[in-house]
Amino acid sequence: MSVVKSRADLKEWWDRRYSELGSLSFEASVRDRNFNRLEITRAIETMRPHLSAGDAVLDAGCGHGAFLHALAEAVPFDLDLVGIELSDATKDPDETGVYIRIIGDAFEFLRATERRFKVVYTQRSVINFLNEDRQLEFIHLTARRLTDDGWIVLSELFRADLDSHNAYRAKLGVEPLGIQKHIVPVDEDRIRAAYGEEFDITVCDYLNTYMLITHIVYPHLAGKLEHNQPIHDFAAGLPETVPGFSPYKLMVLKRKT
Ligand SMILES: C[S@@+](CC[C@H](N)C(=O)[O-])C[C@H]1O[C@@H](n2cnc3c(N)ncnc32)[C@H](O)[C@@H]1O
179 MSVVKSRADL KEWWDRRYSE LGSLSFEASV RDRNFNRLEI TRAIETMRPH LSAGDAVLDA
239 GCGHGAFLHA LAEAVPFDLD LVGIELSDAT KDPDETGVYI RIIGDAFEFL RATERRFKVV
299 YTQRSVINFL NEDRQLEFIH LTARRLTDDG WIVLSELFRA DLDSHNAYRA KLGVEPLGIQ
359 KHIVPVDEDR IRAAYGEEFD ITVCDYLNTY MLITHIVYPH LAGKLEHNQP IHDFAAGLPE
419 TVPGFSPYKL MVLKRKT
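Below, the structure is given as structure tokens:
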């Protein structure tokens with residue numbers, strides 16, 4: 179049974195996690211370095227053409243701020259970057275003021291702020307919002323704080339894709355992907371039904387080769403899931419295969435003009 183039922187429980191869970199693994203350890207958020215790099219790279223490639231000098235970007239649930247640092251480095255102009263993070267056990271590893279760092283609740287921030295953002299980004303944060311209604315509420319609050327041509331970019335774990343990923347694992351006798359009990363995978367259909375009229379919604383299906391090799395074939399052969407092995411570095415450099423192996427996708431909601 180889940181021990182994380184409220185936002186206070188969730189904060190406690192993340193505070194403990196970040197403290198146990200070292201406040202600057204990116205492994206507190208995701209153990210697999212290659213996965214994290216591919217995730218950040220794909221998100222930046224996707225939103226880069228949409229951004230110009232001075233645009234405001236919000237990362238909701240920014241952890242240590244790795245994504246915002248990578249984004250600042252990837253563009254040749256200044257952006258107005260904001261990161262909000264619930265857990266005060268996180269720290270910015272490079273306190274050079276690359277972004278405005280706010281410790282607090284993303285929902286409260288979005289309700290209170292008068293700022294507008296060209297992009298609001300999440301990286302495995304929406305799956306932490308405790309239930310599907312709150313996930314939709316987050317998109318609702320975010321939509322109100324977007325510029326007229328704003329995008330919401332969600333790098334998240336999706337339910338139907340998790341089921342199909344686990345079905346492939348089952349065929350090889352590999353146990354379902356272990357996810358923390360408080361995680362609520364995102365229901366793509368529900369978001370499309372709720373926001374399909376207001377936004378053009380596209381989904382990037384990526385990480386397929388990587389997930390196939392590291393999360394299906396490797397655990398079958400090794401008898402356990404491991405991270406950061408030589409095979410992971412190898413897999414991270416391979417091109418994409420046919421879709422359907424990765425439960426992690428990038429959903430982009432572009433406001434219809
Ligand atoms: C899986 S971690 C991802 C962190 C970061 N995005 C990354 O990819 O490294 C989820 C993060 O969301 C944060 N979070 C969860 N609920 C939040 C909320 N309501 N407001 C702000 N941050 C929240 C957690 O504290 C945690 O740091």
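179 is the number of the first residue of the sequence shown in my numbering; add one for each residue after it. Each residue gets a CB set at the ideal place from its N, CA and C atoms; glycine is no exception. Keep in mind the model is a prediction, meaning the values are calculated, not measured.
Would you report the Cα separation of residue i and residue j, rounded to the nearest angstrom?
i, j, result
"Val298", "Gly401", "39 Å"
"Thr387", "Leu216", "12 Å"
"Asn212", "His410", "7 Å"
"Arg220", "Ala321", "22 Å"
"Asp270", "Lys349", "42 Å"
"Leu188", "Arg279", "20 Å"
"Glu366", "His360", "19 Å"
"Asp339", "Ala186", "29 Å"
"Gln313", "Ala231", "30 Å"
"Glu190", "Ser203", "17 Å"
Rank the options by C-alpha distance to the C-alpha of residue i and give the top, closest one.
i, options, result
"Asp283", "Val253, Leu319, Glu353 and Asp256", "Leu319"
"Gly241", "Leu257, Leu249 and Val208", "Val208"
"Asp272", "Ser265, Leu288 and Leu246", "Leu246"
"Phe377", "Met429, Tyr396 and Ala413", "Met429"
"Arg289", "Glu315, Ala348, Asn406 and His360", "Glu315"
"Ser424", "Pro408, Asn406, Lys432 and Thr392", "Thr392"
"His228", "Ser265, Leu399 and Ile330", "Ile330"
"Ile281", "Ala267, Glu223 and Ile361", "Ala267"
"Gly275", "Ser303, Gly243, Leu264 and Leu308", "Gly243"
"Leu264", "Glu334, Glu286 and Asp311", "Glu286"
"Lys183", "Gln358, Gly422 and Asp341", "Gln358"
"Leu324", "Lys432, Arg185, Thr300 and Asp193", "Lys432"
"Glu334", "Glu190, Ser203, Phe255 and Asn214", "Asn214"
"Pro417", "Leu385, Pro408 and Asp193", "Leu385"
"Thr224", "Leu332, Ser201 and Asp193", "Leu332"
Below 8 Å between beta carbons: does that hold for residue i and residue j?
i, j, result
"Ile305", "Val364", "yes"
"Pro397", "Leu403", "yes"
"Ala206", "Arg226", "no"
"Lys427", "Val381", "yes"
"Phe295", "Ala345", "no"
"Arg368", "Ile379", "no"
"Gly356", "Ser303", "no"
"Ala250", "Ile218", "no"
"Val362", "Leu308", "yes"
"Asp383", "Pro354", "no"
"His405", "Asp210", "yes"
Inside the segment 271–337 only - beta strand (DSSP E) runs reaching at least 3 residues: 278–281, 295–301 and 324–335
Runs of beta strand (DSSP E) wholly within the segment 332–375 (minimum 3 residues, chain order): none
Secondary structure, beta strand (DSSP E): runs of 3+ residues fully inside the segment 225–265: 234–238 and 258–263
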